[in-house]
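Some notes on the structure that comes next.
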Amino acid sequence: MGASNRVKTDSALSRVPRVVLDTNLVLSALVFGGGILGALRVAWQASRFQPLVSTSTVAELLRVLEYPKFKLSSTEREELLADYLPWCETVKIPDPPPATPTCRDPCDQPFLQLAIAGKAQFLITGDADLLDLAEAFSQPIVTAAQFFDILERMN
0 MGASNRVKTD SALSRVPRVV LDTNLVLSAL VFGGGILGAL RVAWQASRFQ
50 PLVSTSTVAE LLRVLEYPKF KLSSTEREEL LADYLPWCET VKIPDPPPAT
100 PTCRDPCDQP FLQLAIAGKA QFLITGDADL LDLAEAFSQP IVTAAQFFDI
150 LERMN
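Mapping the sequence shown onto numbering that gives the first Met the number 0, position 71 (from 1) lands on 70, and the numbers just tick up by one.
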């Protein structure tokens, strides 16, 4: 019985989409938490999808969490990271990194590289520079609302 349960679990896990969330979405979900981004936060914490991170994308998140406009103490930043990072899979980006279409904002390249290296099913963003690459990129680039619609149809 244990083996058959494991097969079901493994099968269920294989259907969980692997996704890259851009920093602004993660930040909004963690700091503000309302609406569709709050629902995404609940979904990642319920393991309905597998967020992927790399050293570069985590460094970007750490940097942005320290912006003075958020007025977050180090304890608050640690608590927010604890609501995200334990659900993430860290992907090592190869050297040289995978080839990607050139993005207008060079700070967005690590998210494209992560999507390829991590074999993500979706790159989720609200960033116009990334959304403009949707036609040229190998993985679907979608908004949070589009992804949530897809996620709801999967269950």
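For every residue, glycine included, the Cβ atom is placed at its ideal position computed from N, Cα and C.
Member of Leu80, Thr142, Val141, Glu88 whose CA lies at the smallest distance from the CA of Arg62: Leu80
Test: Glu78 CB closer than 8 Å to a CB of chain B: No chain B is part of this structure, which consists of one protein chain only.
Contact set for Lys118: own chain, Cβ-Cβ below 7 Å, skip 5 residues either direction: Arg17
Contact check, Ala143 vs Leu26, beta carbons under 8 Å: no
C-alpha gap between Leu111 and Val30, whole angstroms: 24 Å
Residues sharing a beta bridge with Leu20, DSSP: Ile123
3 or more residues per run - each beta strand (DSSP E) lying fully within the region 62 to 131: 121 to 123
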